[in-house]
Amino acid sequence: MHASKSQRVSYLAIWLAPFLLLAPVFLTGKALFWGTPALQFIPWQAFAWEALLQGELPLWNPWLGMGAPLVANYQSALFYPPNWLGLAAYANGGVAALAWLQAPLAAVHLAWGGWGMARLARRLGLDPLPQVVAGLAFGLSGYLVARLHFLSITFTVAWLPWVVLGVLALARPHWDGRAFLGLAASLGMMLLAGHAQLAWYSVLLAGLLAGLLAWHTLAVSSGWQLRLKTAVAAWLRLAVAGLLALALSAIQLFPTAEYLLHSQRAEAVSFETGLDYSFWPWHLLTLLVPGLFGSPASGDYWGFANYWEDAIYIGLLPLLLALRVLLKRIPSRASTAQHAVVNFVRWLLPVSILLALGENTPIFPWLYRFIPTFDMFNAPTRWSIWLVFGLALLAGIGVQHWRCPTGRGLYWTRLATMGAFAVSLGAGFGRLLLQDVKSTFLGATTLAGLWGVLAGGLSLLAPVASTEGGETKPGQPWWGAAVLVVVGLDLLAAGWGLNPGIGLDFYRLPAGTAQEARDLTGAGRLYIPLEDERELKYDRFLRFDSFQLEEDWQNMREVLLPNLSLLDGIRSANNFDPMIPENYARYMDLLESSPAEMQQNLLNRMAVSIVEEVDSSTPLGINLNKNATALGRVRWAPCAEAVAPGEAVWSSLADPDLDPARTVLLETVQEIPACQAAVHGEAHLLAESANRMRIRVQAPEAGWLVIADTAYPGWQAAIDGAPAEILPADGAFRAVAVPPGEHQVELAYRPAPFRAGSLISLLAWLGLGAAALWSWRGRRR
2 MHASKSQRVS YLAIWLAPFL LLAPVFLTGK ALFWGTPALQ FIPWQAFAWE
52 ALLQGELPLW NPWLGMGAPL VANYQSALFY PPNWLGLAAY ANGGVAALAW
102 LQAPLAAVHL AWGGWGMARL ARRLGLDPLP QVVAGLAFGL SGYLVARLHF
152 LSITFTVAWL PWVVLGVLAL ARPHWDGRAF LGLAASLGMM LLAGHAQLAW
202 YSVLLAGLLA GLLAWHTLAV SSGWQLRLKT AVAAWLRLAV AGLLALALSA
252 IQLFPTAEYL LHSQRAEAVS FETGLDYSFW PWHLLTLLVP GLFGSPASGD
302 YWGFANYWED AIYIGLLPLL LALRVLLKRI PSRASTAQHA VVNFVRWLLP
352 VSILLALGEN TPIFPWLYRF IPTFDMFNAP TRWSIWLVFG LALLAGIGVQ
402 HWRCPTGRGL YWTRLATMGA FAVSLGAGFG RLLLQDVKST FLGATTLAGL
452 WGVLAGGLSL LAPVASTEGG ETKPGQPWWG AAVLVVVGLD LLAAGWGLNP
502 GIGLDFYRLP AGTAQEARDL TGAGRLYIPL EDERELKYDR FLRFDSFQLE
552 EDWQNMREVL LPNLSLLDGI RSANNFDPMI PENYARYMDL LESSPAEMQQ
602 NLLNRMAVSI VEEVDSSTPL GINLNKNATA LGRVRWAPCA EAVAPGEAVW
652 SSLADPDLDP ARTVLLETVQ EIPACQAAVH GEAHLLAESA NRMRIRVQAP
702 EAGWLVIADT AYPGWQAAID GAPAEILPAD GAFRAVAVPP GEHQVELAYR
752 PAPFRAGSLI SLLAWLGLGA AALWSWRGRR R
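Throughout, the working numbering is defined as the position within the sequence shown, counted from one, plus 1.
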């Protein structure tokens, strides 16, 4: 199977289309910003690269929450190699260059996913045109494009076709060392890309497909025992490749595993959270008409929940071709692998839909309660990745066996084409007459009818199957190019505007309120009550119905939302991270549910100097209120009370007679010596970096240094160079016993899982490189 020069050129469509889609962002000097790029990915990376440039690993983030792990935050994906380009961008152009980079980097991943699907189609024996159609249908699918602002999802899913490509090679009876190494590397990159949920769904898909393909590799006459043995061998190879991938990504996974055990997600997500964002059944219609319920890009979305979580469009023509394969047997001349894949996808699609529907059927709630891993994640709608992957692959197979219809098929194709024209014309006139937003289905149907007309026309001009020997007479020379143009334009139109950009000044210029906030907070923190944060974030700026805003988008920076506040050097008591330390989460829950007097006490303990509240009467819609009674982020306390580890500390925090400025609650079974409450001491923060603090303590009597930062494993203390114990204090913080006199206390974050994971990953990557070099030299010999 050799491709002509024109066919090779057609492969460029897979790479050019994603860059064309995002050209209005990066070619006009803009950057991605809507949602998680501004609130998570860019602030995380900006802080991380700044720490590295200062000569320190970004293991800890002291600016968000009350301090939290950064490297261990899985979605930060700081060890994912493509993200390292951000270090060069940040070093040369600051946060604005880093932000600009995200759009072309996302386009590369869309293309990489599409290219992997094309290579997978090639492995199945498909010709170049079917390969490119499958690549476009996957790489520009609504699943990837609409979720593009959630960068870790796109980066993870882009590796799915490459993982399946490796599985196909390992499903054969004979050993293929290069395929094994490629599979391990692809799995390792997927695990480093930063989205555990999609990585898990991808690995499950690969495992299911590995067994089925191995089973079908041998003829039925081989006997079921030999076929089962081949399937088990494929699973074992996949498992070994998975273990190597775990070693390759250990530098990320080991710290993340520790964080998971000490986070709010250490146990299963709640039933309500686990079934949040279940696929809305009516959105299945968007497989045919993606804008049926409007779109936030055009500001008229009115469907259930948000647009991107249910986005599954792969293009009308690819969908019709995929459905044709599902409903009609493919020719017997197709390869065994093609037949096996079609049979696999036939049951994969309904399973994917049933899982994605989540709470809309009794199936997923039962799985949540009784089957492991189903209670680990929210958003069941993301199971639709199986649907999108399967349909895109079937679309390629459909193009491979696409022939000009004859007989009754010709009659129905002509009739359907004319019907599509009538629907497009009628819906277009209806859209002109109806202006209500709910008439979005008319505009969307008009466009879908146009694609239907073009699909029908292409079908009538498709290659003709000869009656002699089953050979095929080629279609018109331009026919293949027309297919790619129609598919590409359809997908570009569906994805256009779903990833808006903003001028680089949004990231480059500091918020006008930043200096005022820094003056008011000093060394303390800014706190936004949860309801006010939600109102600002989801009701005012990041609305689900529209990307368009009636005010200046710069105001989203001005209101100091977490984690954007990190870019302005504002310590935020809020933290918009997917995982947060469990003790911090517990403290914040207590704060939100407590009466006003106790809330004030808790705010004082956590060094909150400013409380930001929504106020529609002000120009920015917020007020920054000074908290004059806030305690210092580091302070000296003469007294301590011991409470049993566990629940006791949370009830003790409500004691109105406990003066937090004089007494600290310690979770310990040790005896606490008596104190002189009238004694005064001082604690001053002398220096701080990402993973270190140096504090001077001076007091006439022994007492306690209290640091209002999150207590977390890996932090170590030393007093004048001698090791000292850190005790959990006030539910979420740290305390160190300090003898009388003047001393310097140093705290350093040295997580053992990171050191162990780094060593394992280093050895694994060196081993993989050596094995790849050995394999390459062997092939040359």
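For every residue, glycine included, the Cβ atom is placed at its ideal position computed from N, Cα and C.
Keep in mind it's a predicted model, so treat the numbers as computed, not measured.
- Can you tell which of L395, Y302, A235 and Q745 has its C-alpha closest to the C-alpha of L121? By one-based count along the sequence shown, residue 121 stands at place 120. Here the closest residue by C-alpha is L395.
- Among A675, A719, Q103 and A679, which residue has its Cα nearest to the Cα of I696? In the sequence shown, residue 696 corresponds to position 695, counting from 1. Checked all of A675, A719, Q103 and A679; the closest Cα to I696 is A719.
- Query: A518 and I611: beta carbons closer than 8 Å?
  - Reply: What you label residue 518 is simply residue 517 of the sequence shown in a count that begins at 1. What you label residue 611 is simply residue 610 of the sequence shown in a count that begins at 1. Yes, these two residues count as a Cβ contact at 8 Å.
- Query: Where do the ends of the beta strand (DSSP E) carrying I610 lie?
  - Reply: Indexing the sequence shown from 1 puts residue 610 at position 609. The amino acid at residue 610 is misidentified as Ile; the sequence shows Ser. Start and end: V609 to V615.
- Use the C-beta contact count for R751: other C-beta atoms within 10 angstroms, 16 or more gives buried, fewer gives exposed. As a working note, residue 751 is residue 750 in the sequence shown. Around the C-beta of R751, fewer than 16 other C-beta atoms lie within 10 Å, and the residue is accordingly described as exposed.
- Item | Where Y588 falls, given that 16 or more other Cβ within 10 Å makes a residue buried | One-based indexing of the sequence shown puts residue 588 at position 587. Counting Cβ neighbours within 10 Å, Y588 comes out buried, since at least 16 surround it.
- 8 Å contact criterion, which W303 and G295 should meet: CB distance rounded: Counting from 1 along the sequence shown, the entry for residue 303 is found at position 302. Counting from 1 along the sequence shown, the entry for residue 295 is found at position 294. Correct: roughly 5 Å between the Cβ atoms.
- Where the beta strand (DSSP E) containing G622 begins and where it ends: Position 621 of the sequence shown, counting from 1, holds the residue named residue 622. Per DSSP, G622 belongs to no beta strand (DSSP E) and is neither H nor E.
- With distances taken between CB atoms, is the gap from L667 to A730 smaller than 8 Å? As a working note, residue 667 is residue 666 in the sequence shown. As a working note, residue 730 is residue 729 in the sequence shown. Taking 8 Å as the cut-off, the Cβ atoms of L667 and A730 count as close.
- Message: I need the straight-line Cα distance from L769 to E613, nearest angstrom please.
- Response: Here residue 769 refers to the residue found at position 768 when the sequence shown is read from its first residue. Here residue 613 refers to the residue found at position 612 when the sequence shown is read from its first residue. Distance between the alpha carbons of L769 and E613 is about 51 Å.
- Other residues of its chain near S460: CB distance less than 6 Å, five sequence neighbours each side excluded: Counting from 1 along the sequence shown, the entry for residue 460 is found at position 459. T414, listed in sequence order.
- CA-to-CA distance, I354 to G470, given in whole angstroms: Stepping through the sequence shown from its first residue, residue 470 is reached at position 469. Stepping through the sequence shown from its first residue, residue 354 is reached at position 353. Unreliable positioning characterises G470 in this predicted model, as indicated by a pLDDT of 45, which lies under 50. A coordinate reading is not provided.
- Message: Please state the DSSP three-state secondary structure of G502.
- Response: If you number the sequence shown from 1, residue 502 lands on position 501. Secondary structure of G502 (DSSP, three-state): strand.
- Would you mind reading off the limits of the alpha helix (DSSP H) that contains A790? As shown, the chain starts at 2 and ends at 782. That puts residue 790 outside it, with no answer to give.
- Message: Below 8 Å on the Cβ atoms is my contact criterion, and I expect Y278 with A251 to pass it. Report the Cβ-Cβ distance as a whole number of Å.
- Response: What you label residue 278 is simply residue 277 of the sequence shown in a count that begins at 1. What you label residue 251 is simply residue 250 of the sequence shown in a count that begins at 1. Contact doesn't hold; Cβ gap of about 31 Å is too wide.
- Task: Would you give the residue range spanned by the alpha helix (DSSP H) that G68 belongs to?
- Result: On the sequence shown, residue 68 is found 67 positions in, with the first residue counted as 1. Membership of G68 in any alpha helix (DSSP H) is not indicated, and neither H nor E is assigned to it by DSSP.
- Output the distance between the C-alpha atoms of R606 and A524, rounded to the nearest integer angstrom. Along the sequence shown, one-based indexing puts residue 606 at 605. Along the sequence shown, one-based indexing puts residue 524 at 523. Taking the straight line joining both Cα atoms gives about 13 Å.
- Query: Quick check: the segment 709–718 against the segment 672–680, are there 3 or more CB pairs under 8 Å?
  - Reply: No, they do not touch.
- Query: How is the beta strand (DSSP E) around V488 delimited, first residue to last?
  - Reply: Translated into the one-based positions of the sequence shown, residue 488 becomes position 487. Where V488 is concerned, there is no enclosing beta strand (DSSP E), although the alpha helix (DSSP H) it sits in stretches over W480 to G496.
- Contiguous beta strand (DSSP E) assignments of at least 3 residues, all confined to the segment 652–677: If we require 3 residues or more, the beta strand (DSSP E) runs fully inside the segment 652–677 come out as 664–668.
- Message: Which residue marks the beginning of the alpha helix (DSSP H) containing Y144, and which one marks its end?
- Response: In the sequence shown, counting from the first residue as 1, residue 144 sits at position 143. Element bounds for Y144: G143 to A147.
- Would DSSP call A773 helix, strand or coil? Translated into positions along the sequence shown, residue 773 becomes position 772. Helix.
- Quick one: Cα of G136 to Cα of M118, how far? The residue you call residue 136 lines up with position 135 of the sequence shown. The residue you call residue 118 lines up with position 117 of the sequence shown. Their backbone Cα atoms lie some 5 Å apart in a straight line.
- Item | Euclidean distance between Cα positions of H284 and S762 | For the purposes of this step, residue 284 is taken as residue 283 along the sequence shown, with counting starting at 1. For the purposes of this step, residue 762 is taken as residue 761 along the sequence shown, with counting starting at 1. So the alpha carbons of these two residues sit roughly 42 Å apart.
- Query: Given S203, which residues of its chain have a CB within under 8 Å of its CB, disregarding the five upstream and five downstream residues?
  - Reply: Within the sequence shown, the letter at position 202 stands for residue 203. Within the same chain, S203 has close Cβ partners T157, V158, W160, L161, V164, M191 and I386.
- Message: I'd like the span of the alpha helix (DSSP H) that includes H175, first residue to last.
- Response: For the purposes of this step, residue 175 is taken as residue 174 along the sequence shown, with counting starting at 1. First-last for H175: undefined, no H or E at that position.
- Paired residues, beta bridge with N62 - DSSP: Taking the sequence shown and counting its residues from 1, the one referred to as residue 62 is at position 61. DSSP, once it has assigned bridges, lists A69 as partnering N62.
- Query: Where does M557 sit, in a helix, a strand or coil, going by DSSP?
  - Reply: As a position in the sequence shown, residue 557 is number 556, starting the count at 1. M557 falls in the helix class under three-state DSSP.
- Message: So the candidates are N564, L591 and A482; which of them puts its Cα closest to the Cα of A14?
- Response: Residue mapping note: residue 14 aligns to position 13 of the sequence shown, counting from 1. It is A482 whose Cα lies nearest to the Cα of A14.
- Task: Counting only the same chain and skipping the five closest in sequence on each side, list residues whose C-beta sits under 8 Å from that of L86.
- Result: One-based indexing of the sequence shown puts residue 86 at position 85. L102 and L106.
- Task: Starting from the C-beta of M2, find all residues in its chain whose C-beta is less than 6 Å away, skip the five residues before and the five after it, and write them out in chain order.
- Result: Numbered from 1 along the sequence shown, position 1 holds the residue referred to as residue 2. Caution applies to M2, whose pLDDT of 45 falls short of 50 and renders its modelled position unreliable; the model cannot decide the point.
- Query: Would DSSP call Y870 helix, strand or coil?
  - Reply: Since the displayed the chain opens at 2 and closes at 782, residue 870 lies outside it and no answer follows.
- Item | Length of the line joining the Cα atoms of Y75 and G143 | If you number the sequence shown from 1, residue 75 lands on position 74. If you number the sequence shown from 1, residue 143 lands on position 142. Y75 and G143: Cα-Cα distance of roughly 24 Å.
- Query: Taking the Cβ atom as the reference point for each residue, do V72 and L65 lie within a distance shorter than 8 Å?
  - Reply: As a first step, residue 72 is located in the sequence shown; it is residue number 71 there, counting from the start. As a first step, residue 65 is located in the sequence shown; it is residue number 64 there, counting from the start. In this structure, L65 does not lie closer than 8 Å to V72 by Cβ.
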